[in-house]
Amino acid sequence: MSTKAMICRCEDVTLADVQHTISLGYKSIEEVKRYTGLGTGPCEGKECMVHAGRLCALAHGGDESVVQPFTSRPPVQPAPLAIFARPDDGADE
Amino acid sequence: MKPSTRGEIVPTEGPPKGKCAIAIVGGGVMGLGIAYQLAKRGITDVVVLERGYLAQGASGRNGGGVRMQWATEQNVRLMQQSIALCASFAQEIGVNVWFRQGGYLFLAKHERERVTMERNVELQNRCGVPTRMMTPEEAGSLVPELDVSKIVCACYNPKDGVLFPWPFLWGYAHQALKRGVEVHLFTEVKAIARTGAGFTLTTSKGDVHAERVINAAGAWSPEIARMLGVTLPNKPHRHEILSTEPLKPFLTPMVSVLSSGLYFSQSMRGEIVTGITVEDHAEGIQLGSRLKFLQTLAREMVSLVPRFADLKILRQWAGPYDVSPDGHPILGEPPGVPGFYLACGFVGHGFMMAPIIAQVYAEWLAGGAKHEIFDRCRLARFAEGKLEKESMILG
């Protein structure tokens with residue numbers, strides 16, 4: 188596969204970018220996310236996390252059990268500020 | 011030392027070396043900054059112990075604001091120096107930190123805030139900071155999207171700025187490693203005992219004996235101090251923040267509302283990065299996200315910048331402020347434990363102060379001049395009751 192293969196389309200992160208990050212010793216998905224910006228675009232990792240996880244597992248000798256997904260951040264999908272600016276309907280926390 | 015595919019030095023693998031001159035607990039911006047500054051002065055027998063990955067703690071969770079606008083002279087002067095160091099950081103360290111001096115625009119919504127704002131501007135001017143008072147109309151010409159009917163006055167310092175926090179950590183770590191410092195990730199300090207003239211640190215990857223220990227564990231620093239019988243008065247507070255979809259660059263300054271603690275800026279990626287103060291009475295370190303934060307922020311933001319109503323939130327997260335009772339850090343050796351150095355209690359502005367604090371700390375530890383901040387910010391001040399409170403704390 189070309190090293191220019193796209194892993195994260197939102198943030199233009201290539202296979203070579205992820206491989207370089209792993210070669211730096213940053214072998215967990217959270218570290219790959221931070222070093223490359225992968226998973227911080229509009230899809231919030233829905234497309235790229237599986238591929239990044241696979242590459243991290245390979246860095247651990249193929250052991251998928253050590254790979255944890257990165258913390259999912261609210262909201263589930265991009266949502267406008269106006270939704271949250273409405274007066275309180277009693278829902279909280 | 012092992013290089014990466016592009017020649018960088020990677021974090022240390024395997025157990026830490028058994029003996030070192032200085033062990034630094036905490037691989038955040040403060041710990042890594044001190045490690046780099048020590049190494050630059052020839053002190054390379056240093057081991058940094060980080061319990062997680064780089065940027066896992068507050069250093070990786072903050073909004074990246076750097077400002078000279080403070081309410082106490084100590085903070086104004088330190089931040090003048092820290093911002094100068096931020097401006098030369100990319101060249102010195104060889105990493106892009108997306109530093110941009112667009113200024114900080116503080117907004118007052120109530121007439122009663124004017125006197126304090128004017129006094130702070132006067133103090134900052136006396137220190138040589140070019141902050142100036144602005145009318146609502148002047149603020150509106152700087153940020154046309156603001157509904158200026160909501161504010162009574164403003165102040166602006168064009169020299170304040172924003173940066174991207176994470177590369178500071180990789181840059182400091184890389185430069186420290188290159189000079190022979192050990193940086194251990196995923197290595198937790200479980201116990202510290204005083205042994206002879208030094209300390210033995212029990213870690214999840216083996217023991218290290220150190221002549222001196224620096225506690226740079228941020229919100230986790232009270233736990234570390236407790237291992238040596240030292241009680242610290244700082245406490246963790248959850249502060250939340252969010253990032254929006256990217257927009258074409260349009261926003262020059264970081265904007266902040268004094269009364270609510272709302273702040274927002276545009277990163278070099280185009281996202282609006284924003285937070286606000288939301289009370290939290292939970293105990294301990296809490297990093298969960300709350301709907302209450304989104305609501306508090308959205309209401310204040312949409313009222314002040316109506317055009318942001320349609321702006322989409324991408325993600326929300328939290329980080330722990332390391333809150334000291336008077337808003338100032340806790341530094342130096344606590345009474346009765348010589349060789350144990352505190353670098354904590356920075357109340358949400360540790361990141362912006364780290365460049366200068368790391369420099370003066372290393373200078374002192376290397377046998378050079380002792381900056382006056384180490385006497386002013388002693389732990390003992392809380393027992394003595396000599397406090398000067400910093401009031402300009404946001405988020």
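Chains as they are written, first to last, in this note's numbering: chain A, 188 to 280; chain B, 11 to 405.
By construction, the Cβ of each residue, glycine as well, lies at the ideal position given by its N, Cα and C atoms.
Residue i - partner residues in DSSP beta bridges
| i | result |
| --- | --- |
| E250(B) | A328(B) |
| K245(B) | V333(B) |
| R204(B) | F209(B) |
| G342(B) | L352(B) |
| C30(B) | A220(B) |
| E192(B) | V57(B) |
| M363(B) | In DSSP, M363(B) forms no bridge with anything. |
| G171(B) | V76(B) |
| V199(B) | T213(B) |
| Y166(B) | L115(B), R142(B) |
| V35(B) | L59(B), N225(B) |
| A266(A) | I323(B) |
| Q276(B) | I282(B) |
| R110(B) | V172(B) |
Residue i, DSSP secondary structure in three states
| i | result |
| --- | --- |
| A192(A) | coil |
| I282(B) | strand |
| G104(B) | helix |
| C243(A) | helix |
| F209(B) | strand |
| N85(B) | helix |
| S266(B) | strand |
| N135(B) | helix |
| R300(B) | coil |
| N72(B) | coil |
| D217(B) | strand |
| M402(B) | coil |
| I161(B) | coil |
| Y371(B) | helix |
| Q206(A) | helix |
| K233(A) | coil |
| T201(A) | strand |
| L115(B) | strand |
| Q91(B) | helix |
| Y63(B) | coil |
| M127(B) | helix |
| K50(B) | helix |
| A227(B) | coil |
| E280(A) | Residue placement at E280(A) cannot be trusted, given a pLDDT of 47 that sits under 50; what the coordinates show is reported in the next sentence. E280(A): coil per DSSP, three-state reduction. |
| I383(B) | helix |
| P21(B) | coil |
| R317(B) | helix |
| P232(B) | helix |
Cβ-Cβ distance between residue i and residue j below 8 Å
| i | j | result |
| --- | --- | --- |
| V406(B) | A269(A) | There is simply no residue 406(B) to check, as chain B begins at 11 and stops at 405 in what is shown. |
| V283(B) | S270(B) | no |
| I224(B) | V57(B) | no |
| A220(B) | I53(B) | no |
| G75(B) | Y273(B) | yes |
| V162(B) | H194(B) | no |
| V39(B) | A376(B) | no |
| R248(B) | D290(B) | yes |
| Y166(B) | G112(B) | no |
| G208(B) | A49(B) | no |
| R300(B) | E231(A) | no |
| A68(B) | G329(B) | yes |
| V199(B) | I251(B) | no |
| A81(B) | M402(B) | yes |
| C243(A) | S215(A) | yes |
| A186(B) | L42(B) | yes |
| R142(B) | V131(B) | yes |
| T227(A) | K233(A) | no |
| G224(A) | V263(A) | no |
Assumed close pair residue i, residue j - CB separation to whole angstroms, cut-off 8 Å
| i | j | result |
| --- | --- | --- |
| G405(B) | T287(B) | 6 Å |
| E155(B) | V315(B) | 5 Å |
| D336(B) | F356(B) | Not confirmed; about 12 Å, so no contact. |
| K188(B) | I19(B) | 5 Å |
| G360(B) | G228(B) | 7 Å |
| I44(B) | A372(B) | 6 Å |
Practice problem: For the segment 251-269 of chain B, enumerate the residues whose C-beta is nearer than 9 Å to any C-beta of chain A, in chain order. | Solution: L252, S253, T254, E255, P256
Practice problem: For the segment 69-81 of chain B, enumerate the residues whose C-beta is nearer than 7 Å to any C-beta of chain A, in chain order. | Solution: G70
Exercise. Please list the residues of the segment 314-328 of chain B that have a C-beta atom closer than 8 Å to any C-beta atom in chain A, keeping them in chain order.
Key: F318, A319, D320, L321, K322, I323, L324, R325, Q326, W327
Quiz item: Which residues, taken in chain order from the segment 191-214 of chain A, show a beta carbon closer than 8 Å to some beta carbon of chain B?
Solution: Q206, H207, S210, L211, G212, Y213
Self-check item: Selection of the segment 256-271 of chain A by Cβ proximity to chain B, strictly under 7 Å
Solution: R260, P261, P262, P265, A266, P267, L268, A269, F271
Quiz item: Taking any Cβ of chain A, which residues in the segment 80-97 of chain B have a Cβ under 9 Å from it, in chain order?
Solution: none
Quiz item: Using Cβ-Cβ distances below 9 Å, what residues of the segment 217-229 of chain A are close to chain C?
Solution: Although the question refers to chain C, the structure presented lacks it and instead comprises the protein chains A and B.
Quiz item: If you measure beta-carbon to beta-carbon, which residues of the segment 300-315 of chain B are closer than 7 Å to chain A?
Solution: R300, L301, K302, L304, Q305, A308, R309, M311, V312
Quiz item: Taking any Cβ of chain B, which residues in the segment 229-247 of chain A have a Cβ under 9 Å from it, in chain order?
Solution: P229, E231
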